[in-house]
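Read through the structure below, which is laid out as structure tokens, and then see the notes.
Residue numbers (my numbering), protein chains in the order written: chain A, 38 to 540; chain B, 38 to 540.
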């Protein structure tokens, strides 16, 4: 096809096409949000087919030859402004990747995913891995096929890692995890040698409505724009966005445990502030999207941990909390509270893990996925392998599959390669937070006074506003002056726990 | 194109195409539901374009030449089972109508609709018609264009009436309204000559939560399946459906007025029971859709008025209501309550109007729309025209636009030609209810005992199960033995008010 149009016209056509694809994808996201928040049970079946049709449209539109031609041509033309060139370049990368998968393959993936989600649910309820085994095997088979279709160097897992974090490889992750594993193990051992911290006050009588109101107050205080988003309830907390002016978060309330809702509010708001800070003028285009999943997670972790588990921040908020729940927090000082919410103790469940042992949960899943992909581990052996690794790496005994290898939903969705971004997110978070505090001294002062506007401003101008313009690595350099450096994370942990555990 | 496939294969292709179109339409309906219930204000703009893209897809798919060929061919083949033939026939009618509108026109309509919905909301809040005027003018312009594109005989309004009620014309409506206007005016005059009925107890202290719970109880009692639907809050109560197993209703709570929420619950549940009763096996096909808007409204009106404002029904429910709100209902007998909820007094708001003056509200809107469409009235003159007509026809003074021409959402959605179906619905309701009671004596007995299952069963088997198989007129004949006969409605009113007002 001869593209004789002007560059401006070609770019306009590209933008129009991308925005319509975004409309369909975001419409699907609304249906998914509704599915997790308000869908009546009998509605699930037809909702499934409605979602399948929308993803089919989005995939078909995005892989149409005309878009490919447009992107090739735009990429070659020399007269595109820099931001437009970057959009076209990133879309071309995405296009070339998506083209490798036939609609039939996409459909098989989506069918297997729905099937394994249901068998995972059944297996978890029945506490029996064998109910999930067949569908998980099918999913692993498809993921191997996907890796072959996508192409990779060295290891098939690299193709999957790239889905969530462009350019991420096992070479890189092996190095990063090797460099944190020793220091984290030392820290765990030092902490284990100290008297345990008391966090019993977190489990008490925390009624639903005041918890909800308190959480909503935190979200507002963090700078979430409720005119451009909302919070609802769902089984599992998540963040979704339909554009930067409509960002939805969800939470769950546990009346017997204060920490679930509060920290899910802070965590999801971290994600949501990123989404609300993406440039709306690039709606539907790469520069309007988040940089990568590890950068996304860095935003949630930064707020949840670096801010939300700091003594400075709680000093100003805690009196309000104590006034809201006078009974369970009776006689609990803010220092006592601070130590409690930072208690370190290896345990079974990743989502409830402390900031140190958390990364062992991730490393175990990383090793497991790598081994599944290269065939050195077979699906049937997962439960035993899991128990061995939890005993060896965290010193905990896994009593059953429900609290073991069945705890996470990710594999049922086919999300292999996702977990490592959780750790990378924490590492980036520490580095961003440390850079922000050094670059702008008002950030720390404001946090000590209970204000986070200067911090949010720094994140907006150093991270959010760039969308996908830079890779994670480039963004990290531009924001902090250096590439990912694990030392920031290790220093942050060590400073925190030396104080808390006095070792 | 030569269609050499077997009839069975052709029909399967038709069904597959229709179901995918339905997936997209219902996805749009989910986005619209969210827009009216949970959408944060800043999300409106992009929601508008997402909806526009979905309607564009649905329109494009439905007007594709291949579907036209399929429908022509199926319609001509003699070997289709009767229900399949009827589906193809109705789809062909729809196809021929939709083909008249270009995708660009559909997109303009959808975008203008989202925009005017928001300016209507603002205008109503600010109590200022001028904020709505521009968008409404644009909408009226588009509707005139639509009438020209669709084609019509005699009057452009006929093209729009046909959208909501196939075959409905101003000739027919002028005749129907002429035949009820006199008797209704006589009834109003007779009632006005009698001492007024007391309904002051309806306005009192009716706290939110107990009102909500009571309303939810009524909805459940009427047979609404909460596993296949839900109720939420919105500015303007409505019913929507994403398939027969996911039907959503909304309501609003007024803590100072008991009647708003209660009667909106009953009304919307009437609509919802129809949607839940449509045959799911025809998902996406005409036989799975409602017959017409007047038939839809007959279902809501039948429950709201013929059942929900009857003494029989309230006798069994009222003790529960009185126990829930002992203060405002102190000393109010069920007979007193019954008279109060049936009080006739011309007033400003259509949705709060009694069963007699209601139709004057509709007739005013009907005249107004007719005049807007033929250009004898311009948008800027609506507020004045409105005030004049309310003074002349109902003898009430309209104090402002909020309680005048801004009260209804319909025009912002472009729903011109919709209002007349509200009156037709009431007329059909009376006829259906009278036929049902005569055909099955257990219906009346059960209602007197507080049960509506026999009535719902009659509606399911005489109305709901047929979908769009019959026209309104055919359905009316098949269910009641005669075409629409206004006398049933007039008799119903006269019986009721002779009792209440003793004239």
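Quick reminder that beta carbons are idealized off the backbone N, C-alpha and C, glycines included.
The structure displayed is predicted, hence computed values, not measured ones.
Assign residue 456 (chain A) to one of three DSSP states: helix, strand, or coil.
As a first step, residue 456 (chain A) must be located in the first chain, where it is residue number 419. Here residue 456 (chain A) sits in helix by DSSP.
Best match in A:476, A:326, A:354 and A:221 for proximity to residue 601 (chain A) [C-alpha to C-alpha]
No statement about residue 601 (chain A) is possible, as the shown extent of chain A runs from 38 to 540 and does not include it.
By the 10 Å Cβ neighbour count, where 16 or more other Cβ atoms means buried, how is residue 280 (chain A) classified, buried or exposed?
Mapped onto the first chain, residue 280 (chain A) falls at position 243. Buried.
At 4 residues or longer, and completely inside the stretch 288-333 of chain A: list those alpha helix (DSSP H) runs for me, N to C.
295-314
The beta strand (DSSP E) that contains residue 278 (chain B), what's its start and end?
Your numbering for residue 278 (chain B) matches position 241 in the second chain. From DSSP, the beta strand (DSSP E) with residue 278 (chain B) extends over 276-280.
I'd like to know if residue 64 (chain A) contacts chain B, where contact means its C-beta is closer than 8 Å to some C-beta of that chain.
What you label residue 64 (chain A) is simply residue 27 of the first chain in a count that begins at 1. So, interface residue.
Between which two residues does the beta strand (DSSP E) harbouring residue 267 (chain A) extend?
The residue labelled residue 267 (chain A) in the question sits at position 230 within the first chain. From DSSP, the beta strand (DSSP E) with residue 267 (chain A) extends over 266-270.
Short-range partners of chain A found in the stretch 170-181 of chain B, where Cβ spacing is below 8 Å:
none
Run through chain A and tell me which residues come within less than 8 Å of residue 280 (chain B), C-beta to C-beta.
Locating residue 280 (chain B) in the second chain gives position 243, counting from the first residue. Within 8 Å Cβ-Cβ: 80 and 83.
Residue 266 (chain B) versus chain A: which residues are under 7 Å apart at the beta carbon?
Mapped onto the second chain, residue 266 (chain B) falls at position 229. Ordered by position in chain A, the residues that pass the 7 Å Cβ test against residue 266 (chain B) are 77.
Please confirm whether residue 337 (chain A) and residue 465 (chain A) have their CB atoms less than 8 Å apart.
Indexing the first chain from 1 puts residue 337 (chain A) at position 300. Indexing the first chain from 1 puts residue 465 (chain A) at position 428. Not a contact, by the Cβ cut-off of 8 Å.
Determine, for residue 142 (chain B), whether the minimum Cβ-Cβ distance to residues of chain A falls below 8 Å.
Along the second chain, one-based indexing puts residue 142 (chain B) at 105. Answer no: the Cβ-Cβ gap between residue 142 (chain B) and chain A never drops below 8 Å.
Enumerate in chain order the residues of its own chain whose CB-to-CB distance from residue 269 (chain B) is below 6 Å, with the five nearest sequence positions on each side excluded.
Here residue 269 (chain B) is taken as the residue at index 232 of the second chain, counted from 1. 74 and 287.
Indicate whether the contact test is met: 3 or more Cβ pairs, each with one atom in the stretch 210-221 of chain A and one in the stretch 514-534 of chain A, closer than 8 Å.
yes
Touch check for the stretch 386-401 of chain B and the stretch 453-464 of chain B: three-plus C-beta pairs under 8 Å?
yes
Whose Cβ in chain A lies nearer than 9 Å to the Cβ of residue 87 (chain B)?
As a position in the second chain, residue 87 (chain B) is number 50, starting the count at 1. 59, 60, 61, 63, 64, 67, 279 and 280, listed in chain order.
Express the C-alpha separation of residue 299 (chain A) and residue 274 (chain A) in angstroms, rounding to a whole number.
Position 237 of the first chain, counted from the first residue, corresponds to residue 274 (chain A). Position 262 of the first chain, counted from the first residue, corresponds to residue 299 (chain A). If I take the Cα positions, the gap works out to 11 Å.
Given a limit of 9 Å on CB to CB distance, which residues of the stretch 234-265 of chain B reach chain A?
262, 263, 264 and 265
With burial defined as no fewer than 16 other Cβ atoms inside 10 Å of the residue's Cβ, what is the status of residue 446 (chain A): buried or exposed?
Taking the first chain and counting its residues from 1, the one referred to as residue 446 (chain A) is at position 409. By the 10 Å Cβ count, residue 446 (chain A) comes out exposed.
Rounded to a whole number of angstroms, what is the C-alpha to C-alpha distance between residue 407 (chain A) and residue 507 (chain A)?
Stepping through the first chain from its first residue, residue 407 (chain A) is reached at position 370. Stepping through the first chain from its first residue, residue 507 (chain A) is reached at position 470. Taking the straight line from one Cα to the other gives about 27 Å.
Go through the stretch 74-145 of chain A residue by residue and report every complete run of the alpha helix (DSSP H) that reaches 4 residues or more, in order.
81-99, 102-113 and 119-135
Is the Cβ-Cβ distance between residue 303 (chain B) and residue 340 (chain B) less than 8 Å?
Counted from its first residue, the second chain places residue 303 (chain B) at position 266. Counted from its first residue, the second chain places residue 340 (chain B) at position 303. The answer is yes: Cβ separation under 8 Å.
Compare the C-beta of residue 324 (chain A) against all C-beta atoms of chain B and say whether one is closer than 8 Å.
Within the first chain, residue 324 (chain A) is the residue found at index 287, counting from 1. False, the Cβ-Cβ gap to chain B never drops below 8 Å.
Which parts of the stretch 403-455 of chain B are runs of the alpha helix (DSSP H), unbroken and 4 residues or longer, counting only runs that do not cross its ends?
419-426
With which residues is residue 285 (chain B) paired in a DSSP beta bridge?
Residue mapping note: residue 285 (chain B) aligns to position 248 of the second chain, counting from 1. According to DSSP, which records beta bridges pairwise, residue 285 (chain B) is partnered with B:267 and B:277.
With DSSP as the reference, label residue 390 (chain A) as helix, strand or coil.
In the first chain, residue 390 (chain A) corresponds to position 353, counting from 1. In this structure, residue 390 (chain A) counts as coil in the three-state DSSP scheme.
Counting pairs of Cβ atoms below 8 Å between the stretch 421-429 of chain B and the stretch 169-181 of chain B, do you hit three or more?
no
Cα-Cα separation, residue 62 (chain B) to residue 143 (chain B)
As a position in the second chain, residue 62 (chain B) is number 25, starting the count at 1. As a position in the second chain, residue 143 (chain B) is number 106, starting the count at 1. Going from the Cα of residue 62 (chain B) to the Cα of residue 143 (chain B) covers about 13 Å.
Beta carbon of residue 166 (chain B) nearer than 8 Å to that of residue 419 (chain B):
Your numbering for residue 166 (chain B) matches position 129 in the second chain. Your numbering for residue 419 (chain B) matches position 382 in the second chain. Yes, these two residues count as a Cβ contact at 8 Å.
Buried versus exposed, by CB contacts within 10 Å (16 or more), residue 367 (chain B)
Indexing the second chain from 1 puts residue 367 (chain B) at position 330. Exposed, by the Cβ-count rule.
Given a limit of 8 Å on CB to CB distance, which residues of the stretch 40-58 of chain A reach chain B?
56 and 57
Closer than 6 Å by C-beta to residue 479 (chain A): which residues in its own chain qualify, once you throw out the five before and the five after it? Chain order, please.
Sequence index remark: in the first chain, residue 479 (chain A) carries index 442 (1-based). Answer for residue 479 (chain A): 491, listed in chain order.
I want to see whether chain A comes within less than 8 Å of residue 508 (chain B), judged by CB atoms only; does it?
As a first step, residue 508 (chain B) must be located in the second chain, where it is residue number 471. Answer no: the Cβ-Cβ gap between residue 508 (chain B) and chain A never drops below 8 Å.
Which term fits residue 46 (chain A), buried or exposed, when burial requires 16 or more other beta carbons within 10 angstroms of its beta carbon?
Here residue 46 (chain A) refers to the residue found at position 9 when the first chain is read from its first residue. Residue 46 (chain A) is exposed by the Cβ-count criterion.
Using a Cβ cut-off of 7 Å, which residues of the stretch 92-116 of chain A contact any Cβ in chain B, in chain order?
94
Step through the CB atoms of chain A and report whether any lies within less than 8 Å of the CB of residue 288 (chain B).
Residue 288 (chain B) sits at position 251 when you count from the first residue of the second chain. Output row for residue 288 (chain B): interface = no.
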